[in-house]
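For what it's worth, the numbering used here labels the leading residue of the sequence shown as 164, then goes sequentially. Have a look at the structure below before the remarks.
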Amino acid sequence: MWFQQFRDINASWFLYVILASKQPYGNLGPKDACTSANHKLAREAARQGIVLLKNSPGSLPLNAKAIKSLAVIGPNANATRTMIGNYEGEVQGMASRFVGIGLDIGLSNCIGSSTPLVLASFCVVTWIHTSPVIDLKWVHPSMDLAMEGDL
């Protein structure tokens, strides 16, 4: 038991102290990341990724007339911060850190605002070594919502 703890502490120290000091990108700052070329690339990626929000004809197999209710379940069901990139660092020139269009708005545009839409971030899966361990106290409400939704 003590050996496992000793090994974990040493592995953490090695990863966060030894390897971090040899990380080639550690000295990069906003002047390196917030370039006009990077902004242009981000705008193009956003432009191409807007399919869900406008639901171009035939791009999503969602029929607003056939869907009576919709449930979106998972750890990022309505995580707008994650959806704008949670590895973004300090964003330059953004009015608010929490600006983002949620999945609920995009799906409402697809299926119509009168269709009930439920978002649930209940499903928690933790990976321990190579086996997933599911926290069942959060899974049951998600399953209930999934059974209530048409899609």
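Ideal placement from N, C-alpha and C gives every residue a C-beta, glycine not left out.
Would you kindly work out how many angstroms separate the C-alpha atoms of residue i and residue j, rounded to a whole number?
i: P187; j: K194; result: 16 Å
i: A208; j: Q168; result: 44 Å
i: L191; j: A200; result: 16 Å
i: V198; j: L233; result: Looking at the sequence provided, one finds Thr at residue 198 rather than Val. The straight-line gap from Cα to Cα measures roughly 40 Å.
i: L204; j: G212; result: 12 Å
i: K231; j: R210; result: 30 Å
i: I172; j: N226; result: 53 Å
i: R170; j: A196; result: 36 Å
i: A174; j: R206; result: 39 Å
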